[in-house]
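Take the sequence shown: its position 389, counting from 1, is numbered 729 in this note's numbering, and each next residue is one higher.
Cβ coordinates follow ideal geometry from the N, Cα and C atoms, glycine included.
Here's the structure we're looking at; comments come further down.
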Amino acid sequence: MKRTEGTGNVFLPEKTSLVGLRINFMMLVPIPGLVLLLYLSQEATAADGQWGEWSDWVPCSVSCGRGMRRRFRACNPVPGVGSRWCQGKHVQTEDCDTTVPCPVNGGWSEWSNWSLCSATCGQGTTNRYRSCSNPIAMNGGRPCEGSPQESDMCFAVKECPRDGGWSKWSSWSLCSVTCGPGGTINRYRSCNNPPPMAEGKPCQGPTQQTRLCKASRQCPVNGQWSEWTEWSECSVSCGRGERIRRRACDQPIPQHGGLECDETEAGELQIISCTAEILNCPVDGGWSEWSGYGPCHSPDCSGPDSSSISMRQRSCNSPLPKYNGSMCQGVFIEAGLCHQPINCVVNGGWSEWSSWRCGRFVASRTRVCDSPPPSKGGKKCPGKDVQMHVKMDEVEEYRKACGNFPSDDEDLEDGSGIRQGSGDGFADDG
341 MKRTEGTGNV
351 FLPEKTSLVG
361 LRINFMMLVP
371 IPGLVLLLYL
381 SQEATAADGQ
391 WGEWSDWVPC
401 SVSCGRGMRR
411 RFRACNPVPG
421 VGSRWCQGKH
431 VQTEDCDTTV
441 PCPVNGGWSE
451 WSNWSLCSAT
461 CGQGTTNRYR
471 SCSNPIAMNG
481 GRPCEGSPQE
491 SDMCFAVKEC
501 PRDGGWSKWS
511 SWSLCSVTCG
521 PGGTINRYRS
531 CNNPPPMAEG
541 KPCQGPTQQT
551 RLCKASRQCP
561 VNGQWSEWTE
571 WSECSVSCGR
581 GERIRRRACD
591 QPIPQHGGLE
601 CDETEAGELQ
611 IISCTAEILN
621 CPVDGGWSEW
631 SGYGPCHSPD
641 CSGPDSSSIS
651 MRQRSCNSPL
661 PKYNGSMCQG
671 VFIEAGLCHQ
681 PINCVVNGGW
691 SEWSSWRCGR
701 FVASRTRVCD
711 SPPPSKGGKK
721 CPGKDVQMHV
731 KMDEVEEYRK
741 ACGNFPSDDE
751 DLEDGSGIRQ
761 GSGDGFADDG
């Protein structure tokens, strides 16, 4: 005799004779949540199988709400070899109700359609909704997780009017000048924060601000001439003189390394000649230098005598009085005491030169050997008693002797062609 175990139906070893034997075996009945092990013992016969009684119902498959329960039966007695197995099912199933309601977790419904945009122009929002109704949470079930509403950005077909707004001011620019005052600095802003749109108002106010500025260093200032003063009066009341006018380099004065005024443009002084209403000025006479003392004069040349004298002279020709000028004041000749040696010989001495006599072509002057005249075998005066300058050959000497003598085609007042000169010439007195 052998024992075998199986699941569900009975399993027997092959080639085992069952007739007249008593078979002990285990029967494993699968029931959800329960393993039912039946130990069966039966003497093998050759009869067909017969169902036994149903087992009790297994507990309901759920602890709440409606579930399922089962019960089982066994084919007993077991059919013999060649006999038929029990007909029908060995398991019976039916619904069961625990009478305890189960918790139901909430479930979201489908989303609704999106709502209309909240704005009639520009940007707005649109919403859609859902409800925790598929199913509704019940009997302590969990509510739906998440939001019942969802929002999104939307734009209306029409742009909204938007007034313009100023940007921030830019930084101030650099001063427009590199030296001195008088410059400007600027800063700017734009109507782009935001720009006006859809008939919105533009920004109010200026786009630029300006301020005065000055550089840190002074500018070089070039000098400029002032206006000329009026011409002065003629410098003389008679004859030819000068008139002057002045200007100054002070409009402005050169400063900070600036250039001086341009002196190639006549400088700061202008001079022009002028003629007084009185053409010829009166010229007062002036004495020449005294000549040296001449030889001692003694009546009898008999020896030292207090009556012996020596003479010197001067001329009123430095200058000669002209145009109603005054004559020289004083004496022409001075005498001084001297000692005459015995039996003296007297050498001749020249007088002063006469004034120049100026003709159209020749200037001349004379002197006389009488200061003193030679006596007692004395020598005659050395040199010539006449001095001349020819105008064509000695122009400078002639001019010094005669000055501005009338030109060749000009007549003198007396018609003589000769006048008194005022110069001293260049001749040697020797």
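Check, Outcome
"CB contact flag (residue 559, residue 504, <7 Å)", "no"
"Buried versus exposed call for residue 452 [16 or more other C-beta atoms within 10 Å across all chains shown]", "exposed"
"Minimum C-alpha distance to residue 543 - residue among 531, 721, 706", "531"
"Proximity below 7 Å, CB of residue 574 to CB of residue 563", "no"
"Nearest-angstrom Cβ-Cβ length linking residue 529 and residue 512, presumed shorter than 8 Å", "That pair is no contact at about 12 Å."
"Cβ shell of residue 553 (< 7 Å), same chain only, five flanking positions each side left out", "515, 523, 524, 525"
"Between the CA atoms of residue 678 and residue 648 - distance to the nearest angstrom", "5 Å"
"Selection from 610, 456, 614, 478 that minimises the alpha carbon distance to residue 579", "614"
"Alpha helix (DSSP H) segment containing residue 735, residue limits", "735–742"
"Nearest residue (CA-CA) to residue 413, options 664, 420, 484, 395", "395"
"Secondary structure of residue 456, DSSP reduced to three states", "coil"
"Within 7 Å, strictly: CB atoms of residue 622 and residue 665", "yes"
"Bridge-paired residues (DSSP) for residue 528", "548"
"Residue 729: first and last residue of the uninterrupted beta strand (DSSP E) it sits in", "726–730"
"Run of the beta strand (DSSP E) containing residue 467, from where it starts to where it stops", "463–469"
"Through-space distance from residue 709 to residue 754, alpha-carbon basis", "Its pLDDT being 39, under 50, residue 754 is placed unreliably by the model, and the measurement read from it follows with that caveat. So the alpha carbons of these two residues sit roughly 31 Å apart."
"Cβ-based burial, residue 729 [other Cβ within 10 Å; buried from 16]", "buried"
"Between the CA atoms of residue 720 and residue 576 - distance to the nearest angstrom", "48 Å"
"Any non-hydrogen atom of the ligand HEM within 6 Å of residue 620 CB", "This structure lacks the ligand HEM; in fact it carries no ligand of any kind."
"Buried versus exposed call for residue 757 [16 or more other C-beta atoms within 10 Å across all chains shown]", "Reliability fails at residue 757, whose pLDDT of 45 lies under 50, so the model's placement of it is uncertain and the value that follows must be treated cautiously. Classification for residue 757: exposed."
"Supposed contact pair residue 583 and residue 566 - C-beta distance, whole angstroms, cut 8 Å", "The Cβ separation is near 19 Å, so there is no contact."
"Where residue 717 sits in the DSSP three-state scheme", "coil"
"Nearest to residue 461 (by Cα), restricted to the options 502, 407, 714", "502"
"Opening and closing residue of the beta strand (DSSP E) in which residue 616 lies", "Looking at the DSSP string, residue 616 is not in any beta strand (DSSP E), and its letter there is neither H nor E."
"Expected contact under 8 Å - CB spacing of residue 474 and residue 489 to nearest Å", "At roughly 16 Å, the Cβ-Cβ gap does not stay under 8 Å, so residue 474 and residue 489 are not in contact."
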